[in-house]
Amino acid sequence: MALPPPDRSSTCLVTGASSGIGTDIARELAGRGHGVTLVARREDKLREVAEELTSRHGIRAETVACDLGEAAERERLVKEVEDRGLTVDVLVNNAGFGTGGRFQRLDLDRELQLVRLNVEAVVHLCGIYAPQMGGQGRGAILNVASTVAFQPLPRQATYSASKAFVLTFTQALREDLHGSGVTVTTLCPGLTQTEFFEVGGMSDEAGNAPDFLLMTPAECAAIGVRALEKGRRTVVAGSFNAAGAIGGRLMPRSILLPLLRRTYPIK
Ligand SMILES: NC(=O)c1ccc[n+]([C@@H]2O[C@H](COP(=O)([O-])OP(=O)(O)OC[C@H]3O[C@@H](n4cnc5c(N)ncnc54)[C@H](OP(=O)(O)O)[C@@H]3O)[C@@H](O)[C@H]2O)c1
Numbered sequence: 000m001a002l003p004p005p006d007r008s009s010t011c012l013v014t015g016a017s018s019g020i021g022t023d024i025a026r027e028l029a030g031r032g033h034g035v036t037l038v039a040r041r042e043d044k045l046r047e048v049a050e051e052l053t054s055r056h057g058i059r060a061e062t063v064a065c066d067l068g069e070a071a072e073r074e075r076l077v078k079e080v081e082d083r084g085l086t087v088d089v090l091v092n093n094a095g096f097g098t099g100g101r102f103q104r105l106d107l108d109r110e111l112q113l114v115r116l117n118v119e120a121v122v123h124l125c126g127i128y129a130p131q132m133g134g135q136g137r138g139a140i141l142n143v144a145s146t147v148a149f150q151p152l153p154r155q156a157t158y159s160a161s162k163a164f165v166l167t168f169t170q171a172l173r174e175d176l177h178g179s180g181v182t183v184t185t186l187c188p189g190l191t192q193t194e195f196f197e198v199g200g201m202s203d204e205a206g207n208a209p210d211f212l213l214m215t216p217a218e219c220a221a222i223g224v225r226a227l228e229k230g231r232r233t234v235v236a237g238s239f240n241a242a243g244a245i246g247g248r249l250m251p252r253s254i255l256l257p258l259l260r261r262t263y264p265i266k
């Protein structure tokens with residue numbers, strides 16, 4: 000088992016735990032007896048999740064409200080975890096958001112916020128906790144990328160690039176930590192029914208997706224945590240998405256990109 004066993008003084012730090020896939024990843028970990036530290040901006044939502052997990056599983060559930068897009072806030076988070084006497088044995092970098100539309104028409108500040116959250120926060124938290132885990136000789140990191148990581152996506156240029164970064168970074172980090180007792184896994188969800196599309200102003204596109212393409216956050220989280228437990232390198236959630244990821248990786252860009260430009264539902 001690559002997942003360290005639960006311990007009273009250790010915790011699983013889950014970012015983006017106030018909704019969607021992050022809430023369900025926290026549920027999966029708590030169900031295995033792990034204490035969790037839930038991080039996102041909406042404190043009320045985090046508290047609700049913490050209360051649910053404590054009463055259902057009798058585990059220690061901490062909450063830290065934090066805007067992970069800000070470096071100073073991330074440093075405050077790290078200090079709070081330390082001040083509470085907790086060791087992070089499992090780190091789940093799940094918080095993220097997407098935007099949709101032609102890059103030149105999108106709000107540049109929002110694109111930059113996306114890079115700070117989807118990319119910079121992942122590097123920052125791995126940069127803090129990977130050395131600590133390596134020093135202890137145990138730990139597990141789950142970084143959430145996406146199926147969009149496997150090819151550039153017109154109309155989601157910054158978002159797809161941010162997830163390609165997460166995938167490449169995480170796969171390389173796994174090798175850097177080889178032999179240290181720390182395992183590193185990338186979870187690549189496809190379309191999942193969460194607040195993601197509403198937050199990114201893309202509800203119409205997701206609403207039109209056929210049912211067989213949509214996964215629940217609970218299904219996606221279960222796949223991610225099982226892969227983490229097995230110490231897998233990368234897992235794409237769902238066999239249809241896995242086939243799509245192979246296509247995205249292998250199809251020549253000269254064919255794929257004009258095709259996506261013409262057919263991708265986001266205008
Ligand atoms: N849904 C999909 O179809 C899909 C597909 C592929 C990949 N993903 C990826 O899956 C991950 C989880 O997304 P989701 O689908 O579960 O969407 P979601 O329901 O919108 O959840 C996003 C989470 O990130 C948190 N978050 C957003 N901005 C934050 C910030 N600045 N600081 C701290 N936390 C922040 C949100 O909490 P607060 O608002 O409370 O801060 C929320 O808990 C993301 O990385 C996303 O890119 C999703």
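Following numbering that gives the first Met the number 0, the numbering of the sequence shown begins with 0 at its first residue and continues without gaps.
Ideal placement from N, C-alpha and C gives every residue a C-beta, glycine not left out.
By the neighbour-count criterion, in which a residue is buried when 16 or more other Cβ atoms sit within 10 angstroms of its Cβ, leucine 107 is exposed. In the three-state reduction of the DSSP assignment, threonine 98 falls in the coil class, being assigned neither a helical nor a strand state. Selection Val63, Val183 and Ala156 evaluated against arginine 46 yields Val63 as nearest (Cα-Cα). Contact between valine 38 and alanine 70 is absent: CB atoms are separated by about 15 angstroms, not below the 8 angstroms threshold. Contact between threonine 191 and isoleucine 24 does not hold, since their C-beta atoms are separated by about 12 angstroms, which reaches or exceeds 8 angstroms. Residue burial annotation: alanine 236 is buried, with at least 16 other C-beta atoms found within 10 angstroms of its C-beta. If you ignore the 5 residues before and after glycine 136, its C-beta comes within less than 6 angstroms of the C-beta of Gly180, all in its own chain and listed in chain order. Glycine 126: member of the alpha helix (DSSP H) spanning 120-135, first to last residue. Going by C-alpha positions, glycine 30 is about 44 angstroms away from arginine 261. The beta carbon of threonine 185 is closer than 6 angstroms to those of Asn142, Ala144, Leu166, Thr169 and Thr233 in its chain, skipping five residues each way along the sequence. Assignment of beta strand (DSSP E) within the segment 230-260, counting only whole runs of 3 or more residues, yields 233-235 in chain order.
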